[in-house]
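Chemist:
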Amino acid sequence: MARPADPARRRRLTDEIIDRLAETGFATFSLRTLAAALGRSTRVLTHHFADKDALLRAVLDRLDERQHQALAATPGWSDPAVGIGSIVRDSWDRHLSEDELPRTRLVQEIEGLAAAGRLPGHVPAFVAGRARFVARALELRGLDPADALVKATLLNNAYAGLQADRLTTGDADRTRAALAVLCRLADSWTAGR
1 MARPADPARR
11 RRLTDEIIDR
21 LAETGFATFS
31 LRTLAAALGR
41 STRVLTHHFA
51 DKDALLRAVL
61 DRLDERQHQA
71 LAATPGWSDP
81 AVGIGSIVRD
91 SWDRHLSEDE
101 LPRTRLVQEI
111 EGLAAAGRLP
121 GHVPAFVAGR
131 ARFVARALEL
141 RGLDPADALV
151 KATLLNNAYA
161 GLQADRLTTG
171 DADRTRAALA
181 VLCRLADSWT
191 AGR
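Given below as structure tokens:
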């Protein structure tokens with residue numbers, strides 16, 4: 001009889017997989033090459049993830065969980081007196097830090113593959129979940145839920161576009177200046193509320 005999957009072990013394995021995919025990229029991996037790179041057997045992976053699709057779902061869920069935890073830990077996240085722009089700037093610095101940059105590139109790659117139609121399935125929920133999460137911070141600052149969701153969608157996609165520009169061109173000054181404009185816009189949505 002097969003041993004039941006241990007959720008804590010699965011989470012640790014998923015984190016290892018994310019770190020490995022952040023080094024190698026997502027587009028060309030297979031369960032076999034990933035298992036070998038992790039120093040494990042394919043059987044270990046299939047014990048925790050039925051197939052490549054289940055592994056993708058687990059990676060996206062864990063990336064989402066880690067992103068939400070990092071955002072919620074950002075100073076001022078739960079304080080309506082702190083402007084969203086401050087949180088956006090802190091997120092930018094964190095995502096582009098040396099420690100976080102490989103995972104930021106991984107998320108950009110996954111979203112790019114999904115936009116190109118090469119990753120059907122779970123990525124739309126990953127993106128929509130981010131919008132709902134950010135919308136809650138905007139609601140806390142006085143926006144009604146429908147408006148908060150629309151503005152969170154705009155904020156997330158403008159942010160992702162600026163981040164992709166920064167990663168592609170390496171132009172830190174121009175993208176940081178554009179980010180400052182985005183932060184002022186986001187702050188204007190809740191000013192005086």
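Per full-length UniProt numbering, the sequence shown starts with residue 1, numbered consecutively.
Virtual Cβ for every residue (Gly too), placed ideally from N, Cα, C.
So, do the stretch 52-64 and the stretch 167-177 have three or more beta carbon pairs nearer to each other than 8 Å?
Modeler: Short answer: they don't touch.
Chemist: From residue 25 to residue 132, what does the alpha carbon distance come to, in whole angstroms?
Modeler: Going by the C-alpha atoms only, they are around 27 Å apart.
Chemist: Between the C-alpha atoms of residue 7 and residue 104, what's the straight-line distance to the nearest angstrom?
Modeler: Going by the C-alpha atoms only, they are around 25 Å apart.
Chemist: When the Cα atoms are used, what is the spatial distance from residue 56 to residue 37?
Modeler: So the two alpha carbons sit approximately 17 Å from each other.
Chemist: Going along the chain, which residues of its own chain have a beta-carbon closer than 7 Å to the beta-carbon of residue 52, five neighbours each way excluded?
Modeler: Answer for residue 52: 31, listed in chain order.
Chemist: Looking at C-alpha atoms only, which residue of 68, 115 and 109 is the closest neighbour of residue 94?
Modeler: The shortest C-alpha separation from residue 94 is found at 68.
Chemist: Is the beta carbon of residue 92 sitting closer than 9 Å to the one on residue 143?
Modeler: No, the pair does not count as a contact, with Cβ atoms beyond the cut-off.
Chemist: In whole angstroms, what separates the C-alpha of residue 134 from that of residue 149?
Modeler: Near 8 Å, if we compare the C-alpha coordinates of residue 149 and residue 134.
Chemist: Would you kindly work out how many angstroms separate the C-alpha atoms of residue 42 and residue 153, rounded to a whole number?
Modeler: Looking at the two C-alpha atoms, the distance is approximately 38 Å.
Chemist: Pull up the distance between the alpha-carbon of residue 28 and that of residue 162, whole angstroms please.
Modeler: Rounded to the nearest angstrom, the two C-alpha atoms are 26 Å apart.
Chemist: Short check: CB of residue 35 to CB of residue 111, under 9 Å?
Modeler: Contact: no.
Chemist: Give me the Cα-Cα distance between residue 1 and residue 23, rounded to the nearest whole angstrom.
Modeler: Residue placement at residue 1 cannot be trusted, given a pLDDT of 46 that sits under 50; the coordinates are not used to answer.
Chemist: To the nearest angstrom, how far is the alpha carbon of residue 209 from that of residue 184?
Modeler: As shown, the chain starts at 1 and ends at 193. That puts residue 209 outside it, with no answer to give.
Chemist: Counting only the same chain and skipping the five closest in sequence on each side, list residues whose C-beta sits under 6 Å from that of residue 182.
Modeler: Answer for residue 182: 158, listed in chain order.
Chemist: Quick check on the DSSP output: the alpha helix (DSSP H) that includes residue 189 runs from which residue to which?
Modeler: Segment 172-190, the alpha helix (DSSP H) holding residue 189.
Chemist: Helix, strand or coil for residue 1, going by three-state DSSP, please let me know.
Modeler: Low confidence applies to residue 1: its pLDDT is 46, below 50, so where it sits in the model is not reliable, and the reading given next is rough at best. It is coil, neither helix nor strand.
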